[in-house]
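S.K.:
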Amino acid sequence: MKKLTLLLVSALLCITSTFAQKSNDHKDIKMYEQVWNKILNEAQIDLINDENFDPNIIQINTSGNIVGIADFKTYYQNYLTGFSDIKFTVIDVFGQGSKIVKHWMFKGTHTGDFFGIPATGKSVALQGVTLVKMKNGKIAQEQDFFDNAAVMQQLGLNSNPNNMVIIDKLYKDFAAGDMPSVLGAMSEYIGWNEAEGNALAVGNPYIGPEAVKDGVFMKLASQYDFFKLDDLTLHEMSNNEVFATMRYMAKVKKTGKVINLQAAHRWTLDNGKITRFQQYVDTKRLAEADNE
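Positions -22 to -1, 1 to 270 (mature numbering (1 follows the signal peptide of the UniProt record, and there is no 0)) are the ones given, in order, by the sequence shown.
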């Protein structure tokens, strides 16, 4: 009977301890979510204080750890200064003991200085994970994991690596005569500009794929027996731009003259769609080939 009593007491103590731990875990998670919701969504930066954060709070950072409430507060002020329309969402969160794991989404519009980057007006949508350590009910350590390159791409500071693939495919589709695919690569708001002095520049800027088709491609088909690009080379640029160098090879229907001259195209993309085109070519030689 004595052994049974001891076992029951031991089990009760274990259950009580487990319940207390889970209750404490829940309390830490609730506090953590509430604090960050107010800091980011309500711009209450002053909540980064010694009531909510350990005095020796550490932000583990690849470029150097941030230690102490004052520097931690300065670090996150960049987000409130750099972005408007902030929406910070905790997608999932769980914890055990002193540790919390948070899966989050940050959205905003870059309208101010962000760690020295001037406003771009671009929208950002970023997901990440944060590892957290709590101490005596306060936030003591954080370490964020997210794709910094994705942030730079969304701000237009780093180019999307798919841009070269998109433009390469466009030229191949053009060579194959696949106009639906060529037009499908364009944004509905594309601004297309022929070189100044080119007869086709009269319609600059052609806005939208249909305008490009009717004002440029249909006219090329009617003016030339053939029109193709040779020696095509693509050059990746910053700000989601691709520069293409080539030679125009064509035969003018009206005069029978053959064109062989250097040309260049500058493409601008956004989220995988072409938003702007600029042509560079010797328009004097184009005009000469068109005159009998």
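Each residue gets a CB set at the ideal place from its N, CA and C atoms; glycine is no exception.
#1: For the putative contact between D28 and G115, defined by C-beta atoms under 8 angstroms, what is the C-beta separation to the nearest angstrom?
#2: Using three-state DSSP, classify Q74 as helix, strand or coil.
#3: From the DSSP output, in three-state form, read off K65 for me.
#4: Mark E172 as exposed unless 16 or more other C-beta atoms lie within 10 angstroms of its C-beta, in which case mark it buried.
#5: So what does DSSP say about N34, is it helix, strand or coil?
#6: In chain order, which beta strand (DSSP E) runs of at least 3 residues are fully inside the stretch 171 to 220?
#7: Terminal residues of the continuous alpha helix (DSSP H) containing A265?
#8: Which first and last residues belong to the beta strand (DSSP E) in which N56 is found?
#9: Restricting to Cα atoms, I'd like to know which of I117, K85, A163 is closest to Q132.
#10: Under a three-way DSSP split, which group does G162 fall into?
#11: Mapping the DSSP letters down to three states, classify E11 as helix, strand or coil.
#12: On a Cα-Cα basis, can you pick out the residue from S101, T261, Y226, M196 that is closest to residue 298?
#13: Look up Q240 in the DSSP assignment and say whether it is helix, strand or coil.
#14: Given this structure, state the Cα-to-Cα distance separating Y258 from Q240, to the nearest angstrom.
#15: Out of Q37, D208, S159, point me to the one whose CA is closest to I237's CA.
#16: Just the Cα atoms here: how many angstroms apart are V71 and K8?
#17: Which one or two residues does DSSP pair with H4 in a beta bridge?
M.R.: This is what the structure gives:
#1: Rounded, the Cβ-Cβ distance is 12 angstroms, inconsistent with contact.
#2: The DSSP-derived three-state label of Q74 is strand.
#3: When DSSP states are grouped into helix, strand and coil, K65 belongs to the strand group.
#4: Per the 10 Å Cβ criterion, buried.
#5: The answer is strand: DSSP assigns N34 an E or B state.
#6: The DSSP assignment places complete beta strand (DSSP E) segments of no fewer than 3 residues inside the stretch 171 to 220 at 202 to 214, in order along the chain.
#7: That run of the alpha helix (DSSP H) goes 261 to 268.
#8: N56 -> not in any beta strand (DSSP E); alpha helix (DSSP H) instead, spanning 47 to 60.
#9: Nearest option by C-alpha distance: K85.
#10: Three-state result, G162: helix.
#11: For E11, the three-state secondary structure derived from DSSP is helix.
#12: Because residue 298 is not part of the residues shown, which for the chain are -22 to 270, the question remains open.
#13: Note: Q240 maps to strand in three-state DSSP.
#14: Each residue's Cα considered, the two are about 9 angstroms apart.
#15: For I237, the closest C-alpha among the options Q37, D208, S159 is that of D208.
#16: Each residue's Cα considered, the two are about 10 angstroms apart.
#17: Its beta-bridge partners do not exist; DSSP assigns none.
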